[in-house]
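Peer 1:
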Amino acid sequence: MRRKLVLGNWKMNGTLADARTIAADLAARIGDPVAEVGLCPPYLHLATVAEAVAGSPIFVGAQDVFWAAKGAFTGRVSAPMLADAGIRWCLVGHSETRGKFGKLETPESTVGYFAETDETVNLKIKALLAEGIRPILCVGETEHEREAGETDSVIRRQLSAGLVDMDPVTVVVAYEPVWAIGTGKVCDTAEAQRVCAMIRAQVGDTTRVLYGGSVSDKNAAELFAQPDIDGGLVGGASLKSETFAAVIAAAA
Ligand code: PGA
217 MRRKLVLGNW
227 KMNGTLADAR
237 TIAADLAARI
247 GDPVAEVGLC
257 PPYLHLATVA
267 EAVAGSPIFV
277 GAQDVFWAAK
287 GAFTGRVSAP
297 MLADAGIRWC
307 LVGHSETRGK
317 FGKLETPEST
327 VGYFAETDET
337 VNLKIKALLA
347 EGIRPILCVG
357 ETEHEREAGE
367 TDSVIRRQLS
377 AGLVDMDPVT
387 VVVAYEPVWA
397 IGTGKVCDTA
407 EAQRVCAMIR
417 AQVGDTTRVL
427 YGGSVSDKNA
437 AELFAQPDID
447 GGLVGGASLK
457 SETFAAVIAA
467 AA
């Protein structure tokens, strides 16, 4: 039996005070939830959030990692650094670190800044596992790829290339259609279930498969009730403790 998992991805939002307040309030609201619950704040807020949720079942994860252990990599954070700070989960391959930002208004040439590829996703997963950190591998097609009928092939490629030389049981997979992220355009439930079932066929029955992309307190219960959707990766709706607590309750 796979335990449901609900993860909040705060992306690049809020102040330290906001992080402390939302995290502490969330911990107080959810008590001892049926689902496993995690928060992924910005690096600078990790320690504050960890302190705010101490003693609660909420775990804290990072949003990204660099694959080298140390050295001349200005601005990067390594897996040993995350492990040293007590972090046990980390997102990898989010469409925004793959370079597909939803709403950046600067020129197209700036969008690929992080330029994550399937190969670097694979390196990051290996670096995390070496430190005992659980990777959450994000996969998903762009609107253009969906319209071109490439959804399934894109996801199969992201999974197999991201998981080269690894047992899929070591990761959690999050299916996040890029066109549904931060847009309010949630993927049709039947289609989200279909893609998650396809992912499951590739990664096996014990690996948890989450859905992400405009998950809210309105649609979470229906999505999480699907046989191959084991919970959610939640962006915008995780920034308000009341709304996020309702999303978590929907996974019961
Ligand atoms: P959203 O983001 O819930 O705001 O669409 C989800 C994500 O990017 O993980």
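According to my numbering, the sequence shown is numbered sequentially starting from 217. Each residue gets a CB set at the ideal place from its N, CA and C atoms; glycine is no exception.
Mark Pro384 as exposed unless 16 or more other C-beta atoms lie within 10 angstroms of its C-beta, in which case mark it buried.
Peer 2: The residue in question, Pro384, is buried, as its Cβ has 16 or more Cβ neighbours within 10 Å.
Peer 1: According to DSSP, which residues form a beta bridge with Asn225?
Peer 2: According to DSSP, Asn225 bridges with Cys256.
Peer 1: Apart from the five residues just before and just after Glu392, which ones in its own chain have a Cβ nearer than 8 Å to its Cβ?
Peer 2: So the list reads His310, Ser311, Cys354, Val355, Gly356, Tyr427, Gly428, Gly429, Leu449, once near-sequence residues are dropped.
Peer 1: Which word fits Glu458, buried or exposed, when buried means at least 16 other C-beta atoms lie within 10 angstroms of its C-beta?
Peer 2: When all chains shown are included, Glu458 counts as exposed.
Peer 1: Evaluate the contact criterion for the region 399–407 versus the region 370–381: three or more CB pairs, one atom per stretch, below 8 Å.
Peer 2: No, the region 399–407 does not touch the region 370–381.
Peer 1: Could you tell me the boundaries of the alpha helix (DSSP H) in which Val431 lies?
Peer 2: Element bounds for Val431: n/a, residue is neither H nor E.
Peer 1: Gly302: which of Ala436, Asp248, Phe440, Ala263 sits nearest, CA to CA?
Peer 2: Among Ala436, Asp248, Phe440, Ala263, the Cα nearest to that of Gly302 belongs to Ala263.
Peer 1: Just the Cα atoms here: how many angstroms apart are Ile397 and Gly451?
Peer 2: Rounded to whole angstroms, Ile397 to Gly451 spans 8 Å at the Cα level.
Peer 1: Quickly, what does DSSP pair Trp473 with across the bridge? List them, please.
Peer 2: The structure shown has nothing for residue 473, since the chain only spans 217 to 468.
Peer 1: Indicate the three-state DSSP secondary structure (helix, strand or coil) for Ser457 in the structure shown.
Peer 2: Helix at Ser457.
Peer 1: Do the CB positions of His261 and Ala233 come within less than 8 Å of each other?
Peer 2: No, the Cβ-Cβ distance between His261 and Ala233 is not below 8 Å.
Peer 1: Does the region 280–287 come within contact of the region 341–350, defined as at least 3 CB pairs closer than 8 Å?
Peer 2: The answer is yes - the region 341–350 touches the region 280–287, with three or more Cβ pairs under 8 Å.
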